[in-house]
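In the numbering used here, the protein residues as written are 119 to 603. Glycine included, each C-beta is placed from N, C-alpha and C at the ideal position. Shown next, in structure tokens, is the structure this report addresses.
Written out as structure tokens, the structure reads:
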């Protein structure tokens, strides 16, 4: 019996040797994974870049600075508040507050506000997005104190009382302004995908019921969202962090923290279509398709950024390399379709939000090429899950780095990036770390992420123009998966 036992179960050393051989064979055939890489993040100083320094004031306001060698300082107040924080009762409030920011405050009427800003040679900009809003100024370092006082006045005491006398003027501008078609399509795609949540509210209009809003609606929006924990004071330029912290404590130290917010759920991504067919608006059709993406802090966020550039962008008869000889498979297929091309332009896009995201593409094409253009882009998206080469990924990584680090390097751009990063991540992301994370993505990682989020997944689509060649939604949904038979 003992001999039989030994024959069935070999000695421990022999079993371990066999297991090691098996593990080595498995490692040889297993796909490479960027997540197996473990290295020390590079030091930002190696890139001759000062690190971002963040301090939290006693009331919860965050102060972030990045010292640069420019002669101009750009600083701003960045708020974790936007269209998403509206309700059905005050939809459009964020847009009105953006317009009212330039009408003065209780301390500084419009004429005085304009005079102070012009006397410093400064610029004042206000921007409201889906999740984040910003009030920024670019000025000389000697005017830092006065500039921060102006920002504090505009942000903490917005001129909601001016709504009554400015109402007619603002509504007229809203009706007369020209909105780019690209922004309209993006707005409608969000309305289709997140139709049951405020994330799908319009950012460009029309705003239903905006004329019926009152000062009380605007004040309620400000009091609820312009709170200490939602604020980041960011600055980039030749200034010291301690200097800005001291000034911010004096100007924003009295901002009150908000109360507990009601519980909310992650916005549900709705697979649906929102079609506006108009055969008389011209020969071009405008289309967009979106998949549910990932939030800012997702471990797959950088891979989505690379995937955006694997698909890339294209505009007919522009660029250094013609599309019909491009190394990008999607661009090449679109430019060579039927020997004349099937799209005037297309662009892949990627949107991050705090608990969800959207990934997709936008197309402008002739009315007779709608089906061909949609087919090529859907096929290109599908290939991300099955057939991505290392060469394609390396090209996409180079283009992503060029986009991130060849962008404007002004103090204003640096400040905007720093403020957005602190709101999204709680810290500034140095260039060295971003490049390190981009370099960790390979073809196997792209296929893993695409398979997880894009393959056989729900899509939301919207289109505008002559759409007689638009595929049915059911057919588009089937194209998210590979059919081999």
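Own chain residues within Cβ distance below 7 angstroms of residue 577, not counting five before or after: 389, 407, 408, 409, 594, 595, 598
inquiry  = Is the separation between the beta-carbon of residue 463 and that of residue 434 shorter than 8 angstroms?
reply    = Yes, these two residues count as a Cβ contact at 8 angstroms.
inquiry  = What does the alpha-carbon distance come out to for the pair residue 457 and residue 262?
reply    = If you take the alpha carbons of residue 457 and residue 262, they lie about 59 angstroms apart.
Residue 182 lies in the beta strand (DSSP E); which residues open and close that run?
180-185
**Study point:** Integer Cβ distance of residue 522 from residue 343, believed to fall under 8 angstroms
**Key:** About 29 angstroms; that fails the 8 angstroms criterion.
Report task. Identify, in the order they occur along the chain, each residue of the same chain with its Cβ nearer than 6 angstroms to the Cβ of residue 494, setting aside the five sequence neighbours on each side. Result -> 451, 452
Does residue 149 pass the burial test, meaning 16 or more other C-beta atoms within 10 Å, or should it be called exposed? Confidence at residue 149 is low in this model, with a pLDDT of 42, below 50, so the placement of that residue should be treated as unreliable; the coordinate-derived value is given next. Counting Cβ neighbours within 10 Å, residue 149 comes out exposed, since fewer than 16 surround it.
| Residues in its own chain within less than 6 angstroms of residue 569 by CB, not counting five upstream and five downstream? | Within the same chain, and ignoring the five residues on either side of residue 569 in sequence, the residues whose Cβ sits closer than 6 angstroms to its Cβ are 503.
- Query: Just the Cα atoms here: how many angstroms apart are residue 466 and residue 441?
  - Reply: 16 angstroms
Local conformation of residue 434 per DSSP, three classes: coil
### Message
Suppose contacts are defined by Cβ-Cβ distances below 8 angstroms. Is residue 483 in contact with residue 192 by that definition?
### Response
no
query = Do residue 339 and residue 212 have their CB atoms nearer than 8 angstroms?
reply = yes
request  = With a threshold of 16 other CB atoms inside 10 Å of the CB of residue 438, please say whether the residue is buried or exposed.
outcome  = exposed
For this session: Locate the beta strand (DSSP E) running through residue 414, then write down its first and last residues.
Result: No beta strand (DSSP E) holds residue 414; DSSP gives it neither H nor E.
- Task: Leaving out five residues on either side along the sequence, give the residues of the same chain with a beta carbon under 7 angstroms from the beta carbon of residue 292.
- Result: 323
- Query: In chain order, what residues of the same chain have a beta carbon less than 6 angstroms from the beta carbon of residue 173, not counting five sequence neighbours either side?
  - Reply: Around residue 173: 181, 363.
> Got a sec? Which residues, its chain only, sit under 6 angstroms from residue 146 by beta carbon, not counting five neighbours each side?
Replying inline: Below a pLDDT of 50, predicted positions are generally treated as unreliable, and residue 146, at 42, falls in that range; the measurement from the model is reported next regardless. Here the set comprises nothing.
Could you tell me the alpha carbon to alpha carbon distance between residue 387 and residue 312, rounded to whole angstroms? 6 angstroms
Alpha carbon to alpha carbon, what distance is there between residue 268 and residue 380? 32 angstroms
(request) Report back the beta-carbon spacing between residue 511 and residue 422 to the nearest angstrom; my notes put them in contact at under 8 angstroms. (result) Not really, about 13 angstroms apart at Cβ, beyond 8 angstroms.
*Is the beta carbon of residue 413 sitting closer than 8 angstroms to the one on residue 472?*
Going by C-beta atoms, residue 413 is nearer than 8 angstroms to residue 472.
I need the straight-line Cα distance from residue 316 to residue 207, nearest angstrom please. The straight-line gap from Cα to Cα measures roughly 11 angstroms.
Self-check item: Cut-off 8 angstroms between Cβ atoms - residues of its own chain near residue 333, not counting five sequence neighbours on either side
Solution: Counting only Cβ-Cβ distances below 8 angstroms, and skipping sequence neighbours, we find 278, 279, 281, 282.
I'd like to check one pair, residue 475 with residue 558: are the Cβ atoms closer than 8 angstroms? no
If I measure Cβ to Cβ from residue 385 and keep anything under 6 angstroms in the same chain, skipping five residues before and after, which residues do I get? 312, 315, 317, 474
_So, for residue 309: in the same chain, excluding its five sequence neighbours on each side, which residues have a beta-carbon less than 6 angstroms away from its beta-carbon?_
318
Are there 16 or more other CB atoms within 10 angstroms of the CB of residue 115, so buried, or fewer, so exposed? Past the boundaries of the shown model lies residue 115; the chain is included only from 119 to 603, so the question cannot be answered.
Could you name each continuous alpha helix (DSSP H) segment of 4 residues or more that falls completely within the stretch 507-550, going from the start of the chain to the end?
Within the stretch 507-550, the complete alpha helix (DSSP H) runs of at least 4 residues fall at 508-523, 529-543.
Count the other C-beta atoms from every protein chain shown that fall within 10 angstroms of the C-beta of residue 297, then say buried if there are 16 or more, exposed otherwise.
exposed
C-alpha distance - residue 225 paired with residue 265, whole-angstrom precision
14 angstroms
* Asked: Taking C-alpha atoms, which residue in 187, 375, 250 lies nearest to residue 216?
  -> The candidate whose alpha carbon is nearest that of residue 216 is 250.
- Query: Ordered along the chain, which non-local residues of its own chain (more than five positions away) have a Cβ less than 8 angstroms from that of residue 285?
  - Reply: 329
query: Can you give the Cα-Cα distance for residue 400 and residue 326, rounded to whole angstroms?
result: The alpha-carbon of residue 400 is positioned some 27 angstroms away from that of residue 326.
Would residue 371 and residue 347 qualify as a contact pair, given that the criterion is a beta-carbon distance under 8 angstroms? no
Going along the chain, which residues of its own chain have a beta-carbon closer than 8 angstroms to the beta-carbon of residue 337, five neighbours each way excluded?
278
Could you name the residues that DSSP lists as bridge partners for residue 353?
-> 183, 193
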